[in-house]
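Down below is the structure, laid out as C-alpha cells.
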Amino acid sequence: MLYKRSSQLFAEAEKVIPGGVNSPVRAFKAVGGTPIFVQRAKGAYLYDEDGNRLIDYINSWGPMILGHAFDPVVQAVIEKAKLGTSFGMPTELETQIAALAVSMVPNIDKIRFVNSGTEACMSAVRLARGFTKKDKIIKFAGCYHGHSDSFLIQAGSGAITFGSPNSPGVTAGTAKDTLLANYNDVENVRTLIEANKNEIAAIIVEPVAGNMGCIPPNKGFLEGLRQLCTDNDILLIFDEVMTGFRLAKGGVQELSGVNSDIVCFGKVIGGGLPVGAFAARAEIMDYLAPLGPVYQAGTLSGNPLAMAAGLVMLQTLDKDPAIFQRLADKTAYLHEGIDKVLKANNVVFTINRIGSMISVHFDATPVIDFKSAGNGDNETFKKFFHGLLEEGIYIAPSAYETWFITDALTYEDLDFTIQAVDKVSKNF
Ligand code: KE4
32 MLYKRSSQLF
42 AEAEKVIPGG
52 VNSPVRAFKA
62 VGGTPIFVQR
72 AKGAYLYDED
82 GNRLIDYINS
92 WGPMILGHAF
102 DPVVQAVIEK
112 AKLGTSFGMP
122 TELETQIAAL
132 AVSMVPNIDK
142 IRFVNSGTEA
152 CMSAVRLARG
162 FTKKDKIIKF
172 AGCYHGHSDS
182 FLIQAGSGAI
192 TFGSPNSPGV
202 TAGTAKDTLL
212 ANYNDVENVR
222 TLIEANKNEI
232 AAIIVEPVAG
242 NMGCIPPNKG
252 FLEGLRQLCT
262 DNDILLIFDE
272 VMTGFRLAKG
282 GVQELSGVNS
292 DIVCFGKVIG
302 GGLPVGAFAA
312 RAEIMDYLAP
322 LGPVYQAGTL
332 SGNPLAMAAG
342 LVMLQTLDKD
352 PAIFQRLADK
362 TAYLHEGIDK
372 VLKANNVVFT
382 INRIGSMISV
392 HFDATPVIDF
402 KSAGNGDNET
412 FKKFFHGLLE
422 EGIYIAPSAY
432 ETWFITDALT
442 YEDLDFTIQA
452 VDKVSKNF
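Taken in order, the sequence shown gives residues 32 to 459; the numbers are from my numbering.
Right, dumping it as C-alpha cells:
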C-alpha cells in the first residue's frame with residue numbers, strides 16, 4: 032500500500048491545523064506513521080487519497096452502523112439542504128426525531144439535542160448537579176465522556192494515548208469535584224460514596240466501556256451502581272454515546288434491564304452528522320431552561336440537516352430490529368475467526384466482544400478495567416495495526432479503542448479480514 036498522497040496532505044495539514052488533525056486520536060500517535068486521508072467512502076469501504084480501498088472497522092467511531100453514504104440518509108440530507116440548513120428556530124423535524132427516540136429507548140420521557148457526545152455528557156452532568164443540588168460526580172478510570180473539563184480525569188480514548196489523562200488546563204477546582212473509581216468494581220464506588228456522604232450528584236458510566244478497548248460490564252456491576260444511586264439520592268448517568276442505537280434499539284438499558292436516570296447519546300443518533308443528545312424522565316428534563324433553572328443551549332442544536340440524517344437512521348433501525356442480531360452474528364463470526372488464527376500462530380491475546388463492538392488485546396489476562404487494559408503489548412498492536420493496513424483493513428489506531436461493526440460488511444469481507452489477521456500474525 033502506498034500512502035504518498037496522504038503523507039503530502041498531512042504535511043500541508045500540519046501547517047494550519049494543530050497536529051494536522053481536528054481530533055487527536057486520528058493522528059496515529061499510538062501506532063506511529065502518518066494518518067490516512069480519506070477521499071470518499073461507501074458501505075463498508077473507505078477509499079483513500081492514494082487510491083487504496085480499505086475495509087473500515089471504525090466507521091467514524093460508531094455512526095456508520097448501516098455503512099458509509101447510506102443512500103436514504105444521503106438523500107434526506109440533500110433534500111433538506113435545499114430548504115435551508117439552519118434557522119435557529121424550532122422545526123417539526125425535531126419533534127419527529129425526539130418522539131421516535133423516546134419510543135425506542137426505555138425509561139425516558141424527553142430528550143434534548145445537542146451537537147456532540149461531549150456536549151451531551153457535559154449537559155447531563157450539569158443537569159444532575161442542578162437537579163440534586165450537589166457538586167461531585169464519580170467517573171471511572173479509562174472511561175471517556177468527551178473533552179469537557181470535568182471528564183478529563185483519567186479519561187480513556189485518545190487522552191490515554193497522550194499520557195495526559197489529567198489534561199493541562201483543567202483546574203484543581205474542577206478536578207476536586209470529579210471522583211475516580213475502578214470500572215467493574217462496585218465496592219470501590221461504595222467506598223467513595225461513604226467518604227463523600229451527601230455530596231455526590233451523579234455517577235457517569237459507559238455501561239459498556241468502549242474507550243479502553245471494549246469492556247462489557249461484569250455481572251452485577253450495573254445493578255450495583257443502580258442500587259447505590261437509589262440508596263444515596265445519586266443520579267445514574269449512562270453514557271450511551273457509543274452503545275445507544277448500536278447494541279440494541281433501546282441500548283444497554285434494554286439489554287441489561289438496568290435503568291439509568293439520564294442517558295446520553297451521540298454517533299448513531301446523528302447518522303454521521305454532528306448530533307448528541309441527553310434524555311431522562313420528565314421530572315429531570317423539565318429542570319432544563321427555558322422550563323427550569325439549569326441553563327443549556329446551542330445555535331445549531333436540532334439543525335435540520337443533522338435531524339434529517341438522524342431521523343432516517345433511527346427510522347431504519349426502528350423498522351428493522353433484526354439488524355442488531357445480524358450485527359452481533361457478524362461480530363461473533365469475526366471473533367471466532369480471529370481467535371482461531373491467532374491461537375494457531377501462538378499469539379498471546381484476549382478478545383472482548385459484545386454486540387457489534389469488539390477489541391483485540393495482546394495480553395493473556397482478562398481486560399476488565401483501565402489497569403488490565405494497559406497490560407497489552409503495544410509493539411505487537413502496532414504490528415497488528417500496520418500489518419492489517421497493508422492488507423487493506425483499517426482498525427482503530429490505538430489499543431484503547433473499540434472496533435465498530437457495520438451492517439454493510441459481508442461475510443466475504445470478514446473472511447478476508449480473518450485471512451489477513453492470519454497472515455499478519457505469523458511473524459509477530
Ligand atoms: P464526541 O464529543 O467526540 O462526539 O463524543 C464524546 C464521547 C462521549 N462518550 C463516549 C462513550 C465516547 O466514546 C465519546 C467519543 N468517542 C471517541 C472514540 N473513542 C471519539 C473519537 C475522537 O475523539 O475523535
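Just so you know, even glycine gets a beta-carbon here, dropped at the ideal spot from N, CA and C.
In the DSSP annotation of this structure, the continuous segment of the beta strand (DSSP E) that includes Lys167 starts and ends at 167–171.
Assignment of Lys350 by DSSP, reduced to helix, strand and coil, places it in the helix class. Contact annotation: Ala61 and Val52 have beta-carbon atoms that are not nearer than 9 Å.
Counting only unbroken stretches of 4 or more residues, the alpha helix (DSSP H) elements lying wholly within the stretch 354–425 are 401–404, 409–421, in sequence order. About 7 Å separates the beta carbons of Phe435 and Tyr88, which is inside the 8 Å limit, making them a contact pair. Between Val289 and the set Val104, Lys167, Asp408, Leu267, the nearest pair of CA atoms involves Leu267. If you draw a straight line from the Cα of Val105 to the Cα of Asp292, it comes to about 34 Å. In the three-state reduction of the DSSP assignment, Phe118 falls in the coil class. Residues Phe435, Thr437 of the same chain have their beta carbon placed closer than 6 Å to that of Asn90, with the five preceding and five following residues left out of the count.
The stretch 251–313 is shown to contain whole alpha helix (DSSP H) runs of 4 or more residues at 252–262, 282–287, in chain order. Our two residues, Cys295 and Thr381, have alpha carbons roughly 29 Å apart in a direct line.
With a cutoff of 9 Å on beta-carbon distance, Phe171 and Ala233 are scored as not near each other.
Sequence-distant partners of Gly93 (beyond 5 residues in either direction) whose C-beta falls short of 7 Å from its own C-beta, in its chain, are Met273, Arg277, Lys298, Val299, Phe435.
Membership of Val69 in any alpha helix (DSSP H) is not indicated; the residue belongs instead to the beta strand (DSSP E) covering 69–73.
The Cβ neighbour count for Met95, taken over all protein chains shown within 10 Å, is at least 16; the residue is labelled buried. Taking a C-beta distance under 9 Å as the contact criterion, Val398 and Gly282 do not qualify as a contact pair.
In this structure the stretch 115–133 lies against the stretch 322–333, because at least three pairs of beta carbons, one per stretch, are closer than 8 Å.
Counting C-beta pairs closer than 8 Å gives fewer than three between the stretch 375–390 and the stretch 338–351, which falls short of the contact rule. In the DSSP assignment, Lys141 falls outside any alpha helix (DSSP H) and within the unbroken beta strand (DSSP E) covering 141–145. Per DSSP, reduced to three states, the secondary structure at Asp438 is coil, with no helix or strand assignment. Here Ala375 is near Asp453, since their CB atoms are less than 9 Å apart. Ser154 counts as buried, since no fewer than 16 other beta carbons sit within 10 angstroms of its beta carbon. The residues Val289, in chain order, have a CB closer than 7 Å to that of Glu254 in the same chain once the five nearest residues on each side in sequence are set aside.
Of the residues Gln258, Glu285, Gln450, the one whose Cα lies closest to the Cα of Val133 is Glu285. Ligand 1 approaches Trp92 closely enough that one of its heavy atoms is under 8 Å from the residue's Cβ. For the options Asp264, Tyr175, Asn215, Leu33, the alpha carbon positioned closest to that of Asn197 is the one of Tyr175. Linking Pro335 to Glu150 through their CA atoms gives a straight-line distance of about 18 Å. Between the C-alpha atoms of Glu125 and Phe459 there is a straight-line separation of about 51 Å. The alpha carbon of Phe355 has as its nearest neighbour, out of Asp262, Gly301, Gly386, Pro428, the alpha carbon of Gly386.
Only exposed fits Lys113, as fewer than 16 other CB atoms lie within 10 angstroms of its CB.
By the beta-carbon neighbour count (other beta carbons within 10 angstroms, threshold 16), Tyr326 is exposed. Within the same chain, Ala72, Lys73 come within 7 Å of Ala100 by CB-CB distance, once the 5 residues on both sides are set aside. Bridge partners of Asp79 according to DSSP: Val69. With respect to Asn215, Asn242 sits apart: the two C-beta atoms are not nearer than 9 Å. Rounded to the nearest whole angstrom, the CA to CA distance from Ala42 to Gly189 is 21 Å. Taking a contact as a CB-CB distance under 8 Å, the pair Asp166 and Asp208 counts as one, their CB atoms being some 5 Å apart.
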